[in-house]
Amino acid sequence: MNDYELVYLIRHEHDHVALEFLMRKYHRFIWKQVHLLGVDAREFDDFHQEGLMMLIKAVKTFNESRGKTFTRYFELILKRQFYHLKRSLPKHQLYENPDFYKGTVHLEEAPLNDPGLNEKEKIVYQAYFIEKQAIANIALQMKQNNKHIYNIIYRIREKYKKMI
Numbered sequence: 020m021n022d023y024e025l026v027y028l029i030r031h032e033h034d035h036v037a038l039e040f041l042m043r044k045y046h047r048f049i050w051k052q053v054h055l056l057g058v059d060a061r062e063f064d065d066f067h068q069e070g071l072m073m074l075i076k077a078v079k080t081f082n083e084s085r086g087k088t089f090t091r092y093f094e095l096i097l098k099r100q101f102y103h104l105k106r107s108l109p110k111h112q113l114y115e116n117p118d119f120y121k122g123t124v125h126l127e128e129a130p131l132n133d134p135g136l137n138e139k140e141k142i143v144y145q146a147y148f149i150e151k152q153a154i155a156n157i158a159l160q161m162k163q164n165n166k167h168i169y170n171i172i173y174r175i176r177e178k179y180k181k182m183i
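Each residue of the sequence shown is one higher than the one before, starting from 20 at the first, in my numbering.
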C-alpha cells in the first residue's frame, strides 16, 4: 500500500490499522530527523512523540493536488515543528542568581591567585563571585551592558580553568 491509499483509509474510513502501519513506516524517519537536529538525549522521546503528532496532522491536512508527495509534505511539517521546539528549549546560560551554584565547587572558594586578570575582570570577579551581586547590578555600576559582563565572567572562568 502506498501513502496515498493509507491517508485515504485513515481519513475517510477511520482505519486504525492503516494509522498504525503509517506510524511504524515513519518511525525511523522521525528518529532520523531528531538525531540530525542534534537534540539533547534527554529530549529524544519528547521530540519523537511530537513527530508522531505531526504525522497525524500531516494525514489530516495533506492535499495531493499541491504537487508534493506525502513524505515531503510530512518532512516539511516535521522539520518546521522540530526547529520551533528546539528554539523554545532553554539555552545554557549564566544565571542572574549566583545562589544557583550552591553545593558545587565555586571559583570564589579558590584563592584569588591572579591568573592574569585585568582591572575590569578583577572588579567583576569581586562583585559577582565574592559579593554575589546580580549581573544587572554589576553592569549598571560599570556602565556596561549585560552581555559585556557575561563575556568578562566567561573569560574569568576560562582563565581559572587553564590555571587548574
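We put the beta carbon where it would ideally sit given N, CA and C, even for glycine.
Q: Pull up the distance between the alpha-carbon of Leu159 and that of Val78, whole angstroms please.
A: Numbered from 1 along the sequence shown, position 140 holds the residue referred to as residue 159. Numbered from 1 along the sequence shown, position 59 holds the residue referred to as residue 78. When the Cα atoms are used, Leu159 and Val78 turn out to be separated by approximately 54 Å.
Q | Close beta carbons around Lys139, own chain, < 8 Å, minus the five adjacent residues each side | A | Numbered from 1 along the sequence shown, position 120 holds the residue referred to as residue 139. Hits under 8 Å: Met161 and Ile171.
Q) With distances taken from CA atoms, which of Val58, Trp50, Arg43 and Tyr173 is nearest Leu104? A) Within the sequence shown, residue 104 is the residue found at index 85, counting from 1. Checked all of Val58, Trp50, Arg43 and Tyr173; the closest Cα to Leu104 is Val58.
Q.
Please state the DSSP three-state secondary structure of Asn82.
A. Stepping through the sequence shown from its first residue, residue 82 is reached at position 63. Residue state, collapsed to three classes: coil.
Q: Assign Gly86 to buried or exposed, taking buried as 16 or more other Cβ atoms, counted over all protein chains shown, within 10 Å of its Cβ.
A: The residue you call residue 86 lines up with position 67 of the sequence shown. With fewer than 16 other Cβ atoms from the protein chains shown falling within 10 Å of its own Cβ, Gly86 counts as exposed.
Q: Would you kindly work out how many angstroms separate the C-alpha atoms of Gly135 and Lys181, rounded to a whole number?
A: On the sequence shown, position 116 is the one that residue 135 refers to. On the sequence shown, position 162 is the one that residue 181 refers to. Approximately 11 Å, taken between the alpha carbons.
Q. If you draw a straight line from the C-alpha of Glu69 to the C-alpha of Arg99, how long is it?
A. Counted from its first residue, the sequence shown places residue 69 at position 50. Counted from its first residue, the sequence shown places residue 99 at position 80. Roughly 12 Å between the two C-alpha positions.
Q) Where does Tyr92 land, buried or exposed, given buried means 16+ other C-beta within 10 angstroms? A) As a working note, residue 92 is residue 73 in the sequence shown. Its Cβ being crowded by 16 or more others within 10 Å, Tyr92 is buried.
(Q) Need the endpoints of the alpha helix (DSSP H) that Arg99 sits in, please. (A) Here residue 99 is taken as the residue at index 80 of the sequence shown, counted from 1. Arg99 -> alpha helix (DSSP H) spans Phe89 to Ser107.
Q: Keeping to the same chain, check which residues put their C-beta closer than 8 Å to that of Asn156; ignore five residues upstream and five downstream.
A: In the sequence shown, the residue the question calls residue 156 occupies position 137. In its chain, beyond the 5 residues on either side, Ala146 have a beta carbon closer than 8 Å to the beta carbon of Asn156.
Q | Boundaries of the alpha helix (DSSP H) in which His54 is found, first to last residue | A | Position 35 of the sequence shown holds residue 54. Note, His54: alpha helix (DSSP H), His35 to Leu56.
Q) How close, in whole Å, do the beta carbons of Phe101 and Leu56 come, if the pair is a contact with beta carbons under 8 Å? A) Locating residue 101 in the sequence shown gives position 82, where the first residue counts as 1. Locating residue 56 in the sequence shown gives position 37, where the first residue counts as 1. A Cβ-Cβ distance of about 5 Å is found for the pair Phe101 and Leu56, placing them in contact under the 8 Å criterion.
Q: Give me the Cα-Cα distance between His33 and Ser107, rounded to the nearest whole angstrom.
A: Residue numbering aside, residue 33 sits at position 14 when the sequence shown is read from its first letter. Residue numbering aside, residue 107 sits at position 88 when the sequence shown is read from its first letter. For the pair His33 and Ser107, the Cα-to-Cα distance works out to about 34 Å.
Q: Taking the CB atoms as reference points, tell me whether Ile49 and Lys76 lie closer together than 9 Å.
A: Against the sequence shown, residue 49 aligns to sequence position 30. Against the sequence shown, residue 76 aligns to sequence position 57. No, the Cβ-Cβ distance between Ile49 and Lys76 is not below 9 Å.
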